[in-house]
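**Q** Take any residue in the sequence shown, count from 1 to its spot, add 353: that is its number in the working numbering. Note that beta-carbon positions come from the ideal geometry of N, C-alpha and C, so glycine has one too. The structure displayed is predicted, hence computed values, not measured ones. One structure follows; several queries about it will come next.
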Amino acid sequence: EDLQKFPRLLKKYESRVKPPSVESNLVPDVWFRPHLVIETIASEITLSPIHPAGMGRIRKESGLALRFPKFTGKIRDDKKPEDATTVDEIVEMYNLQLKKVERVAQ
């Protein structure tokens, strides 16, 4: 239901070229200028050879990706794209997650 409104919401932000602030090696069918901030949850943060977020900061030639990301239904009208979670924060969350897994394994 919430996802059905996205095409209409995003149409005005479509772009034929990758926005300068976006770092990606993937080539989507359409790019979007950063504007909306949405809230997502995921089962974990994983190492990725494809996604560049935090590339090389945990492991050489690996970035970070969300495993099984889900849209919570919240569009954060109170935030701008520059207020969204940063790469530094994602790296920190990955490290905290790793420490938690290590504690459970002991």
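Note down the Cα distance separating ARG410 from VAL370, rounded to an integer number of angstroms.
**A** Rounded to whole angstroms, ARG410 to VAL370 spans 28 angstroms at the Cα level.
**Q** Does any C-beta atom of chain B lie closer than 7 angstroms to the C-beta of LYS433?
**A** Here there is only one protein chain, and chain B is not present.
**Q** Under 7 angstroms between the Cβ atoms of PHE424 and ILE391?
**A** Their beta carbons are under 7 angstroms apart, which means PHE424 touches ILE391 by this criterion.
**Q** In the DSSP assignment, what residue or residues form a beta bridge with ARG420?
**A** ARG420 pairs with GLU397.
**Q** Measure the CB-CB distance between LEU417 and ILE394 and report whether it falls below 7 angstroms.
**A** No, they are not a contact pair.
**Q** Give the C-beta separation of PRO405 and PRO434 to the nearest angstrom, bearing in mind that I take them to be a contact with Cβ-Cβ under 8 angstroms.
**A** In fact, because the Cβ distance is near 17 angstroms, the residues do not count as touching under 8 angstroms.
**Q** From VAL454 to ILE398, what does the alpha carbon distance come to, in whole angstroms?
**A** Going from the Cα of VAL454 to the Cα of ILE398 covers about 12 angstroms.
**Q** Can you check DSSP and say which residues form a bridge with GLU367?
**A** DSSP output for GLU367 lists PHE385 as bridge partner(s).
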